[in-house]
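*Asks:*
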Amino acid sequence: ELKVEQNPLFLSMQEGKNYTIYCNYSTTSDRLYWYRQDPGKSLESLFVLLSNGAVKQEGRLMASLDTKARLSTLHITAAVHDLSATYFCAVAQYNNNDMRFGAGTRLTVKP
Amino acid sequence: GAGVSQSPSNKVTEKGKDVELRCDPISGHTALYWYRQRLGQGLEFLIYFQGNSAPDKSGLPSDRFSAERTGESVSTLTIQRTQQEDSAVYLCASSLSHNGGRVSGNTIYFGEGSWLTVV
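First to last, the protein sequences are chains A and B. Each number in my numbering corresponds to the 1-based position in the first sequence with 24 added. Each number in my numbering corresponds to the 1-based position in the second sequence with 3 added.
Listed below in structure tokens is the structure:
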């Protein structure tokens with residue numbers, strides 16, 4: 025059974041600092057997604073990672089995928105308050121329609 | 004429409020009543036998902052539709068839950084004899100053809116959700 029673990033679950037950062045969120049999954053996967061969710065809102069797609077070594081960047085966020093280690097990271101550079109949200113990773117397999125989500129990382133960026 | 008549309012946005016119902024939740028996917032999207040998100044928790048897969056193929060119902064938690072989809076358009080999630088533990092946000096998502104992901108890796112777009120409260 026595919027399991028997805030994120031850590032940390034809660035993260036409080038100072039503005040301007042860097043930090044990394046980790047997403048580990050239990051079985052072979054070929055698609056990994058990162059989403060952002062603001063309180064009371066739906067999910068916003070951030071990144072789709074398809075291959076080993078894939079790296080994507082958008083603004084202060086950078087996501088990478090290591091399929092051999094079954095690990096994806098979401099790196100935050102010079103955090104700003106607007107990045108405060110909950111971040112989810114989700115993993116799907118080639119022949120499986122069930123996109124499994126991690127529990128989410130609730131990020132708070134403080135001035 | 005421009006995005007995935009869900010209705011109602013909020014629903015309060017009495018325990019034991021049936022509810023229907025509707026999802027209009029993005030036009031042209033053949034893949035449609037339903038997820039449930041309880042307060043403060045992650046997303047729980049419920050059901051998946053892909054074109055005219057048989058739906059993947061493996062995530063439905065009980066036989067009180069069912070879903071239909073008309074062709075490649077609207078989907079309805081029905082919860083019969085609602086219980087308090089059914090209170091959650093029900094999220095619908097759609098994407099272009101779910102081609103195993105190796106080639107497409109298409110972005111999956113989520114609706115705003117239907118907030119269900121069972122009292």
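C-beta: ideal position from N, C-alpha, C; glycine also. As the structure is a prediction and not an experimental result, all values here were calculated from the model.
Would you call the segment 52 to 71 of chain B and the segment 39 to 55 of chain A in contact, with 3 or more CB pairs under 8 Å?
*Replies:* They do not touch, by the three-pair rule.
*Asks:* Considering only the beta carbon of each residue, do residue 47/A and residue 61/A sit closer than 8 Å?
*Replies:* Not a contact, by the Cβ cut-off of 8 Å.
*Asks:* On the three-pair Cβ rule with 8 Å, is the segment 12 to 21 of chain B touching the segment 75 to 87 of chain A?
*Replies:* Contact between the segment 12 to 21 of chain B and the segment 75 to 87 of chain A is absent, because fewer than three Cβ pairs lie under 8 Å.
*Asks:* Candidates 97/B, 19/B and 42/B: which alpha carbon is nearest residue 52/B's?
*Replies:* The residue with the shortest Cα to Cα distance from residue 52/B is 97/B.
*Asks:* Kindly indicate which residue of 7/B, 5/B, 6/B and 20/B has the alpha-carbon position closest to the one of residue 81/B.
*Replies:* Answer by Cα proximity: 20/B.
*Asks:* Counting contacts by CB-CB distance shorter than 8 Å, is residue 124/A in contact with chain B?
*Replies:* Yes, contact with chain B.
*Asks:* What are the uninterrupted segments assigned as beta strand (DSSP E) that are 3 or more residues long and contained completely in the segment 97 to 133 of chain A, given in chain order?
*Replies:* Runs found: 109 to 116.
*Asks:* When you compare only the Cα positions, how much space is there between residue 36/A and residue 55/B?
*Replies:* The straight-line gap from Cα to Cα measures roughly 46 Å.
*Asks:* Closest to residue 111/B by CA distance: which of 95/B, 77/B and 22/B is it?
*Replies:* Ranking 95/B, 77/B and 22/B by Cα distance to residue 111/B puts 95/B first.
*Asks:* Quick check on the burial criterion: 16 or more other C-beta atoms within 10 angstroms. Buried or exposed for residue 54/A?
*Replies:* It counts as buried.
*Asks:* Would residue 95/A and residue 131/A qualify as a contact pair, given that the criterion is a beta-carbon distance under 8 Å?
*Replies:* The answer is no: Cβ separation not under 8 Å.
*Asks:* Could you please give me the residues that DSSP links to residue 41/B through a beta bridge?
*Replies:* In DSSP, residue 41/B forms no bridge with anything.
*Asks:* Under 6 Å Cβ to Cβ from residue 23/B, same chain only, skipping five residues before and after it: list those, please.
*Replies:* 79 and 81, listed in sequence order.
*Asks:* Beta carbon of residue 123/A, beta carbon of residue 114/A: below 8 Å?
*Replies:* For residue 123/A and residue 114/A, yes; Cβs fall inside 8 Å.
*Asks:* Does chain A have any CB closer than 8 Å to the CB of residue 121/B?
*Replies:* No - not a single Cβ of chain A is within 8 Å of the one on residue 121/B.
*Asks:* Starting from residue 51/A, trace the beta strand (DSSP E) both ways and give me its first and last residue.
*Replies:* No beta strand (DSSP E) contains residue 51/A, which DSSP labels as neither H nor E.
*Asks:* Taking 8 Å as the threshold (C-beta atoms), are residue 50/B and residue 63/B in contact?
*Replies:* Against a cut-off of 8 Å, the Cβ pair of residue 50/B and residue 63/B comes out as a contact.
*Asks:* Indicate the three-state DSSP secondary structure (helix, strand or coil) for residue 71/B in the structure shown.
*Replies:* Correct three-state label for residue 71/B: strand.
*Asks:* Would you please verify whether the beta carbon of residue 67/A is less than 8 Å from any beta carbon of chain B?
*Replies:* So, interface residue.
*Asks:* 8 Å is my cut-off, CB to CB: does residue 72/A come that close to chain B?
*Replies:* Yes, contact with chain B.
*Asks:* Check whether chain B comes within 8 Å of residue 112/A, counting only Cβ atoms and requiring the distance to be less than that.
*Replies:* For residue 112/A, the answer is yes, since a Cβ of chain B falls inside 8 Å of its Cβ.
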